[in-house]
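Heads up, the sequence shown is in our numbering, so the first residue is 3 and it goes up one at a time. Built from N, CA and C at the ideal position, the CB exists for glycine as well. Small disclaimer: the values here were computed from a predicted structure and weren't measured. Below is one structure; the comments refer to it alone.
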Amino acid sequence: MENLDSKRLPKHIAIIMDGNGRWAQEKGQDRLYGHFHGVESVRNIVEAAAEIGIKYLTLYAFSTENWDRPAAEVAGLMSLFVDTISKEVPSLHKNNIKLHFIGNLALLPEDAKKALEKATETTAGNTGLELIIALSYSSRWELIEAIQKLAQQVKEGLLLPEDIKEANLSAALATSGFPDPELMIRTSGEYRISNFLLYQLAYAELYFTETRWPDFRKKDLIEAILDFQSRERRFGKTGQQVQTNDENK
Ligand code: FPP
């Protein structure tokens, strides 16, 4: 941790927590056993992110596409979400963590909706790490929702089509108010973005690791941040322009 440059930390890290199923199957266990152990990694990484000084952490917990998994796995995951969120809220609250949920939450079972509402309300006044859980989320769903909102504003005469700019679109997204992630981590050796924050990841550094999510711990997060800090972020500029800018800071 002492090798981290505290002045160049990513403000926002997004993680695709992949490999729970394979981790469990490799141990001859049911897939849900993997999800259950994945919660330990969530706890460890949330704690580590807060300690390191990351301001925003987004975790992809359940995608729109995950609804098509076997019914028993979906039901198991839903009750794991409800149990975990209800159980962890007091400790998250004590640690000044503010919870947010993004996704098509209307599709969730009633008890899950209630648990999320309560967690959001309880932690609303906190000022530490902002923990964003993407649940029943997909980027295409989010973009369509946003476009519909903007189209409605145009229809009502509140907005001209030519006034639609990045700022309006960003504000209409589920992530409105959060800065774009600077670092996206995906575990378990898959090299895809899988319908996750497609618009927001435009300039993110992508980091892939073979480690399965249930094995991912603070040291792995630090490794990913160190890798991020070793990269030159150019935003379409030349390396020379970036270096001159840095020297003038
Ligand atoms: C992907 O692994 C993981 C999921 C679909 C579920 C992730 C959920 C948790 C870790 C629980 C988190 C809980 C809270 C409250 C945030 P996979 O099943 O796709 O693994 P595979 O690719 O090996 O099959």
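| Query | Result |
| --- | --- |
| N223 beta carbon near the ligand FPP (any heavy atom closer than 7 Å) | Per the sequence shown, residue 223 should be read as Leu rather than Asn. Every heavy atom of the ligand FPP is 7 Å or more from the Cβ of L223, so no. |
| Cα-Cα separation, K96 to F103 | 19 Å |
| Sequence ranges, beta strand (DSSP E) only - wholly within the stretch 210-250, length at least 3 | none |
| Length of the line joining the Cα atoms of G191 and L160 | 46 Å |
| Inter-stretch contact at 8 Å, needing at least 3 Cβ pairs: the stretch 141-153 / the stretch 207-221 | no |
| Residue environment, I87, which counts as buried when at least 16 other CB atoms sit within 10 Å | buried |
| Pair within 8 Å by beta-carbon distance, Y62 and M19 | yes |
| Buried or exposed (CB count within 10 angstroms, at least 16 for buried), N253 | This structure cannot settle anything about residue 253, because the visible part of the chain is limited to 3 through 251. |
| Pair within 8 Å by beta-carbon distance, T125 and L82 | no |
| Pick from S65, A26, L107 that is closest to F38, judged by C-alpha positions | A26 |
| Start-end ranges of the beta strand (DSSP E) lying completely within the stretch 49-74, minimum 3 residues | 58-65 |
| Closer than 7 Å: D20 CB and nearest the ligand FPP heavy atom | yes |
| Cβ contact check for the stretch 196-203 and the stretch 71-81: 3 or more pairs under 8 Å | no |
| 8 Å CB neighbourhood of G30 in its chain, flanking five on each side removed | none |
| Rounded separation between D2 and L118 - CA only | Any property of residue 2 remains undetermined from this structure, which presents the chain solely from 3 to 251. |
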